[in-house]
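Comments concern the structure below.
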DNA sequence: GTTGAGCGTT
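Dropping the structure here:
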């Protein structure tokens, strides 16, 4: 039977009532939801006049003598600091004009093994409405991996949440922006990469969803399900504005980024990131799996897969026509081998036996997702593997930059796709595209944090 | 049945 007990953060405060669970215990998360950082309860023993601690086990606070009684309990904080009265908000609101910012998923690190999604929801709801809560677990054992994700409805909630550490079920946890969001704002163009797609997302679903942000001119979903898609907008600004965001589509959290996210991995003028051979291969022909309604054919989408475009002016296609100038390739930075270079040149010149790619036969139809995987970058040369995932003639040449091509190949240098632009823009060649590796250089630039250490839970936990 | 820096099978 549920009832309520009175709790204060400090003697003299106005009591706040916390609900018990059915078994009469109080969840620590319930406590810490109202008293951030709180890790326990105590009360004054009327007989001795001294304070007594409340038993805590498995994240539950147990009533003394099986009865909470009518007394007022006092919240206990780790270091005799960090307590906060409900009256005084401990978090100075970073009230910026950031009100219009959008929420992103937040990773919660350092969760106790036992914490459930309910615990997380219970705890984090103190900051605002939650759209998503998940604890990553081992699929087999169901054992928590000790981290999870949350997503708030309001950006203010997110800000508040990230502005502090979190005591969850007896452990200090950190909330951060996931690494997957790195390099968010970049690559201005009209096509965005939609990662973490689920298989039940159709092109129509994506179109329907993204249309509310602006006119969608194309949706591309790789044929063998690969958990990502491309969405192209008529307005590049729309696409750009979505980059870096997380959206929830059909219950799944997808991540939106520029079509060649690895672009800013390297700097110094080199075009390190993705290599894409990509003319605007977006000529769409009927029969493809594209949704193409209302598509205006004058969107030349040249230069996909190209990254780190010099300057910010978007002028896709025209300036890259058949430009194989090595200066644009950033070769030095990527240690390309000759085989790959030759392959690329062959592609652009329409020779080289890349028949399966449909380049030599189809005049304008761009090959789709043509992928060339060299060995390790700069490594075993000659092992270029071509794996076009779509070869149908007339297939719309969605030139898919260098998005995740293979997560199994270590540091694959990949081609984007190749295609002759609708407007005659020739292929542009860029190199790069290491999807899986290279994550070590990222240094999450979040709000000032608390080191990276999670203090051990007070003994008695875990 | 253990563990404690990290980054999301679906």
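In the working numbering, the protein residues as written are 56 to 517.
We treat Cβ as the ideally placed atom computed from N, Cα and C, and that holds for glycine.
Quick caveat, the model's predicted, so the values are computed rather than measured.
Just list the residues that DSSP pairs residue i with in beta bridges.
i: residue 227; result: 222
i: residue 301; result: 310
i: residue 59; result: 74
i: residue 163; result: 203, 230
i: residue 248; result: 285, 312
i: residue 106; result: 99
i: residue 116; result: 81, 111
i: residue 128; result: 62
i: residue 271; result: 288
Report buried or exposed for residue i, applying the criterion of at least 16 other Cβ atoms within 10 angstroms of its Cβ.
i: residue 57; result: exposed
i: residue 305; result: exposed
i: residue 196; result: exposed
i: residue 77; result: exposed
i: residue 258; result: buried
i: residue 7; result: It is not possible to answer for residue 7, since the shown part of the chain is limited to 56 through 517.
i: residue 280; result: exposed
i: residue 495; result: Low confidence applies to residue 495: its pLDDT is 30, below 50, so where it sits in the model is not reliable, and the reading given next is rough at best. Residue 495 should be labelled exposed.
i: residue 122; result: exposed
i: residue 106; result: exposed
i: residue 264; result: buried
i: residue 277; result: buried
i: residue 208; result: exposed
i: residue 65; result: exposed
i: residue 194; result: exposed
i: residue 67; result: exposed
i: residue 294; result: buried
i: residue 112; result: exposed
i: residue 103; result: exposed
i: residue 124; result: exposed
i: residue 434; result: Caution is warranted here: a pLDDT of 33 is assigned to residue 434, below 50, making its placement in the model unreliable, and no coordinate value can be reported.
i: residue 299; result: buried
i: residue 98; result: buried
i: residue 250; result: buried
i: residue 120; result: exposed
i: residue 361; result: With a pLDDT of 30 at residue 361, under the threshold of 50, the predicted position of this residue should be treated as unreliable, and no value is reported.
i: residue 69; result: exposed
i: residue 229; result: buried
i: residue 286; result: buried
For residue i, which option in the options has the closest C-alpha, if you only look at C-alpha atoms?
i: residue 157; options: 250, 68, 214, 277; result: 214
i: residue 231; options: 159, 65, 105; result: 159
i: residue 117; options: 75, 102, 105; result: 75
i: residue 314; options: 275, 307, 303; result: 275
i: residue 81; options: 61, 67, 92; result: 61
i: residue 96; options: 124, 132, 67; result: 132
i: residue 301; options: 220, 269, 205, 212; result: 205
i: residue 94; options: 115, 250, 254; result: 115
i: residue 174; options: 260, 272, 224, 98; result: 224
i: residue 128; options: 270, 120, 71; result: 71
i: residue 248; options: 282, 219, 227, 233; result: 282
i: residue 262; options: 253, 254, 272; result: 272
i: residue 233; options: 99, 217, 289, 192; result: 217
i: residue 291; options: 312, 308, 251; result: 312
i: residue 91; options: 226, 169, 235, 171; result: 226
i: residue 169; options: 250, 285, 190; result: 190
i: residue 266; options: 252, 253, 289, 255; result: 289
i: residue 255; options: 268, 270, 284; result: 284
i: residue 303; options: 108, 253, 210; result: 253
i: residue 182; options: 188, 172, 192, 212; result: 212
i: residue 126; options: 222, 270, 59, 260; result: 59
i: residue 309; options: 108, 110, 235, 269; result: 235
* To do: Evaluate contact between the segment 200-208 and the segment 159-172, counting only Cβ atoms and requiring at least three cross-stretch pairs below 8 Å.
  => yes
Check your understanding: Contact between the segment 167-184 and the segment 82-99: three or more CB pairs below 8 Å?
Key -> yes
Completely contained beta strand (DSSP E) runs for the segment 167-201, where each covers 3 or more residues: DSSP runs (the beta strand (DSSP E)) wholly in the segment 167-201: 185-192.
Ignoring anything shorter than 4 residues, give me the alpha helix (DSSP H) runs that lie fully in the segment 276-300, in order along the chain.
Qualifying alpha helix (DSSP H) stretches, in chain order: 291-297.
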